[in-house]
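Asks: Here you go, one structure.
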Amino acid sequence: MSTSTLHLYLDDPLQDLLPRTYKGKKEITYPLTRRASIKDIIESLRIPHTEVESIFRGDSEISFQHIPQAGEQFVLHGVSSSTDVTQPTFLRPNPLQQAVFMVDINAGKLARLLRMAGIDTWYIRGLTDTELAEQAVINNRVLLSRNRDLLQRKIITWGHLVRAQQPKEQLIEILTLYNLTKAIKAFSRCLECNTLLDPVEKSTILHRLEPLTIKYYKRFHICPDCERIYWRGSHHGRMERLINTILALRKDGNSKME
Ligand SMILES: [Zn+2]
Numbered sequence: 675m676s677t678s679t680l681h682l683y684l685d686d687p688l689q690d691l692l693p694r695t696y697k698g699k700k701e702i703t704y705p706l707t708r709r710a711s712i713k714d715i716i717e718s719l720r721i722p723h724t725e726v727e728s729i730f731r732g733d734s735e736i737s738f739q740h741i742p743q744a745g746e747q748f749v750l751h752g753v754s755s756s757t758d759v760t761q762p763t764f765l766r767p768n769p770l771q772q773a774v775f776m777v778d779i780n781a782g783k784l785a786r787l788l789r790m791a792g793i794d795t796w797y798i799r800g801l802t803d804t805e806l807a808e809q810a811v812i813n814n815r816v817l818l819s820r821n822r823d824l825l826q827r828k829i830i831t832w833g834h835l836v837r838a839q840q841p842k843e844q845l846i847e848i849l850t851l852y853n854l855t856k857a858i859k860a861f862s863r864c865l866e867c868n869t870l871l872d873p874v875e876k877s878t879i880l881h882r883l884e885p886l887t888i889k890y891y892k893r894f895h896i897c898p899d900c901e902r903i904y905w906r907g908s909h910h911g912r913m914e915r916l917i918n919t920i921l922a923l924r925k926d927g928n929s930k931m932e
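Here the sequence shown stands for residues 675 to 932, numbered as in our numbering.
Quick look at the structure:
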């Protein structure tokens, strides 16, 4: 019995996503048993199309809709650090205006940390996967999720499979991937509702503060939407340390490359 095959060559970020049977393989011989688009073939390997930056056949870039023929060879590149969602690519010709996010319920703590860093991040509980995907698309937001099936939906152009397990590492992953370290504006945004905070006179909110907060803090901000009050407290110190860690990591990464 002879089976037609095609060959896929994957770079490191994509190899990491492969199921165990293929783990560590740079080249995959794929049995061509049905008429399917390259998107479907890639996703049958459990790699969401959102993770693929480009697909080459020889010198030509091809789209997700391409129907491979037996014997064809493809080189697949994964989305890697410093991705700019505001620039068109062959696979994604319609870029976003800015890197803003919608976070799936399976990465809720990441949503909060992104807001702490001042990054515009939606996080809505109680949505079905279909609603979540639609909301991300309609509102031009990058969908961040740990759910591969969700990211494999055709409707999604901009998304990312969050790889890290721990929220702080997830934050570093996203800030690095989308080159957002310069966009960090810690504690400029409400952690509960994502609204930009306004400065507020301490004298006008005294009745809402604890005595020790009144004693030790001078500058306050308020969320104009949900009216939560923020000040440079313990959260702020932790966030600054985390951001310093991120910036230091970036420096280390650069010096290693020199
Ligand atoms: Zn708020």
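Ideal Cβ placement from N, Cα and C applies to all residues, glycine included.
Candidates LYS713, ALA922, ARG766: which alpha carbon is nearest THR831's?
Replies: Measuring from the Cα of THR831, the nearest candidate turns out to be ARG766.
Asks: State the beta-bridge partners of GLN747 as determined by DSSP.
Replies: Partner(s): HIS681.
Asks: Just grab the DSSP bridge partners of TRP905 for me.
Replies: TRP905 is bridged to PHE894.
Asks: Count the other C-beta atoms from every protein chain shown that fall within 10 angstroms of the C-beta of SER929, then say buried if there are 16 or more, exposed otherwise.
Replies: At SER929, the pLDDT of 35 sits below 50, so the modelled position is not reliable; the number obtained from the coordinates is stated separately. Exposed, since its Cβ has fewer than 16 Cβ neighbours within 10 Å.
Asks: Starting from SER819, trace the beta strand (DSSP E) in both directions and tell me its first and last residue.
Replies: First-last of the beta strand (DSSP E) with SER819: 816-819.
Asks: Indicate the three-state DSSP secondary structure (helix, strand or coil) for ASP778 in the structure shown.
Replies: Looking at ASP778 - three-state DSSP - the assignment turns out to be coil, as it is neither helix nor strand.
Asks: Give me the Cα-Cα distance between ILE920 and LYS856, rounded to the nearest whole angstrom.
Replies: Rounded to whole angstroms, ILE920 to LYS856 spans 11 Å at the Cα level.
Asks: For ASP899, is the beta carbon positioned less than 6 Å from some heavy atom of ligand 1?
Replies: ASP899: yes, Cβ under 6 Å from ligand 1.
Asks: Can you tell me whether ASP823 is helix, strand or coil according to DSSP?
Replies: Looking at ASP823 - three-state DSSP - the assignment turns out to be helix.
Asks: Could you work out which residue in LEU806, ARG906, GLU884 is closest to PRO873 when comparing CA atoms only?
Replies: It is ARG906 whose Cα lies nearest to the Cα of PRO873.
Asks: Please go through the same chain and pick out, in chain order, the residues whose beta-carbon is closer than 8 Å to the beta-carbon of LEU788, but skip the five residues on each side of it.
Replies: Cβ neighbours of LEU788 beyond the five flanking positions: PHE775, VAL777, THR795, LEU845, ILE848.
Asks: Excluding the 5 residues flanking ALA810 on each side, which residues of the same chain have their C-beta closer than 6 Å to its C-beta?
Replies: Cβ within range, chain order: MET776, LEU817.
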